[in-house]
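Chemist: Residue numbers (full-length UniProt numbering): 1 to 405.
(1) Tell me which residues share the same chain as residue 160 and place their Cβ nearer than 6 Å to its Cβ, disregarding the 5 neighbours each side in the sequence.
(2) I need the DSSP call for residue 173, collapsed to helix, strand or coil.
(3) Where does residue 385 fall in DSSP's three states?
(4) Pull up the distance between the alpha-carbon of residue 29 and that of residue 35, whole angstroms please.
(5) What would DSSP say about residue 127, mapped onto helix, strand or coil?
(6) How big is the Cα-Cα spacing for residue 400 and residue 279?
(7) How is residue 167 classed by DSSP in three states: helix, strand or coil?
(8) Is the stretch 31-49 touching the stretch 110-130 in the sense that three or more CB pairs, one from each, lie closer than 8 Å?
(9) What do you get for residue 265, buried or exposed, if any count of 16 or more other CB atoms within 10 angstroms of its CB means buried?
(10) Please classify residue 279: does DSSP put it in a helix, a strand, or coil?
(11) In the DSSP assignment, what are the bridge partners of residue 372?
(12) Across the stretch 60-73 and the stretch 10-24, are there enough close Cβ pairs to call them in contact, namely three or more that are closer than 8 Å?
(13) Between the alpha carbons of residue 305 and residue 236, how many angstroms are there, rounded?
(14) Could you tell me the boundaries of the alpha helix (DSSP H) in which residue 271 lies?
(15) Can you list, in chain order, the stretches of the alpha helix (DSSP H) that have 4 or more residues and sit fully within the stretch 44-120?
(16) Measuring only the C-alpha atoms, how far is residue 20 from residue 70?
(17) Tell me the residue span of the beta strand (DSSP E) that contains residue 348.
(18) Express the C-alpha separation of residue 245 and residue 126 in angstroms, rounding to a whole number.
(19) Determine, using beta carbons only, whether residue 267 and residue 287 come nearer to each other than 7 Å.
(20) If you draw a straight line from the C-alpha of residue 225 to the C-alpha of residue 167, how long is it?
(21) Spatial neighbours of residue 24 within its chain, please: CB distance less than 7 Å, with the 5 preceding and 5 following residues excluded, ordered by chain position.
(22) In three-state terms, what does DSSP make of residue 161?
(23) How many Å lie between residue 158 and residue 94 at the Cα?
(24) Throw me the rounded Cβ distance for the residue 136 and residue 169 pair, which I believe falls under 8 Å.
(25) Under the three-state reduction of DSSP, which class applies to residue 134: helix, strand or coil?
(26) Exposed or buried, what is residue 124 when buried is set at 16 or more other beta-carbons lying within 10 Å of its beta-carbon?
(27) By Cβ distance below 8 Å, which residues in the same chain neighbour residue 277 in space, the five residues on each side in sequence not counted?
(28) Spatial neighbours of residue 172 within its chain, please: C-beta separation below 7 Å, excluding the five flanking residues on both sides.
(29) Could you tell me if the beta carbon of residue 172 falls within a distance shorter than 6 Å of some heavy atom in the ligand HEM?
(30) Quick check: what's the CA-CA separation for residue 120 versus residue 309?
(31) Does DSSP put residue 181 in a helix, in a strand, or in coil?
(32) Distance, Cα to Cα, residue 375 vs residue 362?
(33) Considering just the uninterrupted stretch of the beta strand (DSSP E) at residue 404, what are its terminal residues?
(34) For a test of the three-state rule: what should DSSP assign to residue 391, helix, strand or coil?
(35) Under three-state DSSP, which class holds residue 325?
(36) Looking at the structure shown, is residue 33 part of a helix, part of a strand, or coil, going by DSSP?
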């Protein structure tokens, strides 16, 4: 009958307002929550093989000066874009087939940023931004962004993604500075803000609503970097703040308190401004090493806590900032890899027409009778795949796991 993962799901989601319910869940959101939970509890030891550095280059169009920042991540969410070939009578769109290479190419393509404030020429113009791989993980987790917002309603787009057994990511390496472009070294306001990695989807949504980048960054930082709606409400609540348009500086709000150390009054007041009691805000910061983002998540997951700190409970969760800095430095100093080729290992598929309904199944490439074959895991059903299964993967692939060759 197989092993039911219900106890595992209950344990991981016990304090989460959504994952503790029996409602339809998003597999990728649950995976990210699980990885974050493990990182905060045990450090990066368990998930180290998933982590890598993405480089982000920003060049001012006015003076051609720019910077290259590196962000430590453990997954990629790539866009899924395709042309509509025809519309059925029932209104269903039939899309052109694409490949994951197309998705990576779109993700790493150069994009124009409006209203960019350059630290070098002090001009407010446009900037060109591009991304790429600085290092390559042992296992690469890729989410195909099939779930999109249309009129603020999440919908699923059934774009077929061609199944590729292998992929070479060397062509998507970190962008270099070309002739005429000048790289600016050192710590600036732009570099400082890069220490906070904003939720990309929420950031894009807020920017499309007309909010400035500074306000979006502050809002996401102060609401746990979770979603656009909470950030939007924060912006509306702080529109009259005197420093609302001051440059975003997360380091000014970061407390590196250790076990038993008292968090700053400013950090406590920031959480109290969100409606939490003083004792509860103080406890959240102490338990989470002064990390505001983790403290906010803890507060939302423990709404009934009395705020009393029991003896021995003031030991902070792993210092994620220190873990991030140490692993980033380690990855930056490692030798450049000889190749960046990956083989597909497994795919998680969402079978259903809507994000609110449907069913998740997993396809895993396994050794069967001495040959690598696709095997379908559908609850208790475990079967070797035929050509029909490959079609299912291409039409419903949602999370892809690659292993470096």
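Don't be surprised by glycine CBs; every beta carbon is placed ideally from N, CA and C.
Modeler: Per the coordinate set shown:
(1) Within the chain shown, residue 160 is the residue found at index 160, counting from 1. If we look at residue 160 and ignore the five residues flanking it on each side, its Cβ neighbours are 97, 394 and 395.
(2) One-based indexing of the chain shown puts residue 173 at position 173. Looking at residue 173 - three-state DSSP - the assignment turns out to be strand.
(3) One-based indexing of the chain shown puts residue 385 at position 385. Coil, per DSSP.
(4) Start at 1 with the first residue of the chain shown, and residue 29 comes out as number 29. Start at 1 with the first residue of the chain shown, and residue 35 comes out as number 35. The alpha-carbon of residue 29 is positioned some 10 Å away from that of residue 35.
(5) As a position in the chain shown, residue 127 is number 127, starting the count at 1. Note: residue 127 maps to strand in three-state DSSP.
(6) Stepping through the chain shown from its first residue, residue 400 is reached at position 400. Stepping through the chain shown from its first residue, residue 279 is reached at position 279. Going from the Cα of residue 400 to the Cα of residue 279 covers about 43 Å.
(7) Counting from 1 along the chain shown, the entry for residue 167 is found at position 167. Reduced to three states, the DSSP call for residue 167 is strand.
(8) These segments do not touch.
(9) As a first step, residue 265 must be located in the chain shown, where it is residue number 265. Result: exposed.
(10) Numbered from 1 along the chain shown, position 279 holds the residue referred to as residue 279. Three-state DSSP puts residue 279 in a helix.
(11) If you number the chain shown from 1, residue 372 lands on position 372. 367.
(12) No, the stretch 60-73 is not in contact with the stretch 10-24.
(13) Your numbering for residue 305 matches position 305 in the chain shown. Your numbering for residue 236 matches position 236 in the chain shown. So the two alpha carbons sit approximately 28 Å from each other.
(14) By one-based count along the chain shown, residue 271 stands at place 271. Where residue 271 is concerned, the enclosing alpha helix (DSSP H) stretches over 265-272.
(15) As far as the stretch 44-120 is concerned, its whole alpha helix (DSSP H) runs of at least 4 residues are 100-108.
(16) Here the question's residue 20 lines up with position 20 in the chain shown. Here the question's residue 70 lines up with position 70 in the chain shown. Residue 20 and residue 70: Cα-Cα distance of roughly 35 Å.
(17) As a working note, residue 348 is residue 348 in the chain shown. Segment 341-351, the beta strand (DSSP E) holding residue 348.
(18) Within the chain shown, residue 126 is the residue found at index 126, counting from 1. Within the chain shown, residue 245 is the residue found at index 245, counting from 1. Residue 126 and residue 245: Cα-Cα distance of roughly 19 Å.
(19) Here residue 267 corresponds to residue number 267 of the chain shown, with the count starting at 1. Here residue 287 corresponds to residue number 287 of the chain shown, with the count starting at 1. In terms of Cβ geometry, residue 267 and residue 287 do not form a close pair [threshold 7 Å].
(20) Locating residue 225 in the chain shown gives position 225, where the first residue counts as 1. Locating residue 167 in the chain shown gives position 167, where the first residue counts as 1. For residue 225 and residue 167, the distance between alpha carbons rounds to 31 Å.
(21) For the purposes of this step, residue 24 is identified with residue 24 of the chain shown, where counting begins at 1. Result list for residue 24: 356 and 357, in chain order.
(22) Taking the first residue of the chain shown as 1, we reach residue 161 at position 161. Residue 161: strand per DSSP, three-state reduction.
(23) The count along the chain shown starts at 1 and reaches residue 158 at position 158. The count along the chain shown starts at 1 and reaches residue 94 at position 94. Straight-line Cα distance between these residues: approximately 8 Å.
(24) Taking the chain shown and counting its residues from 1, the one referred to as residue 136 is at position 136. Taking the chain shown and counting its residues from 1, the one referred to as residue 169 is at position 169. Residue 136 to residue 169, Cβ: 6 Å. Contact.
(25) Locating residue 134 in the chain shown gives position 134, counting from the first residue. The answer is coil: DSSP assigns residue 134 none of H, G, I, E or B.
(26) For this step, residue 124 is matched to residue 124 along the chain shown. Flag for residue 124 reads exposed.
(27) Here residue 277 is taken as the residue at index 277 of the chain shown, counted from 1. Closer than 8 Å at Cβ, skipping near neighbours: 307.
(28) Taking the chain shown and counting its residues from 1, the one referred to as residue 172 is at position 172. So the qualifying residues of the chain are 104, 108, 132 and 133.
(29) For the ligand HEM, the structure offers nothing, since it holds no ligand at all.
(30) Here residue 120 is taken as the residue at index 120 of the chain shown, counted from 1. Here residue 309 is taken as the residue at index 309 of the chain shown, counted from 1. Straight across, the Cα-Cα distance linking residue 120 with residue 309 is about 48 Å.
(31) Translated into positions along the chain shown, residue 181 becomes position 181. Of the three classes helix, strand and coil, the one that applies to residue 181 here is coil, per DSSP.
(32) As a first step, residue 375 must be located in the chain shown, where it is residue number 375. As a first step, residue 362 must be located in the chain shown, where it is residue number 362. Computed Cα separation, rounded: 8 Å.
(33) In the chain shown, the residue the question calls residue 404 occupies position 404. Element bounds for residue 404: 397-404.
(34) In the chain shown, the residue the question calls residue 391 occupies position 391. Three-state DSSP puts residue 391 in a helix.
(35) Numbered from its first residue, the chain shown carries residue 325 at position 325. Residue 325: helix per DSSP, three-state reduction.
(36) The sequence position of residue 33 within the chain shown is 33, counting from 1. Three-state result, residue 33: helix.
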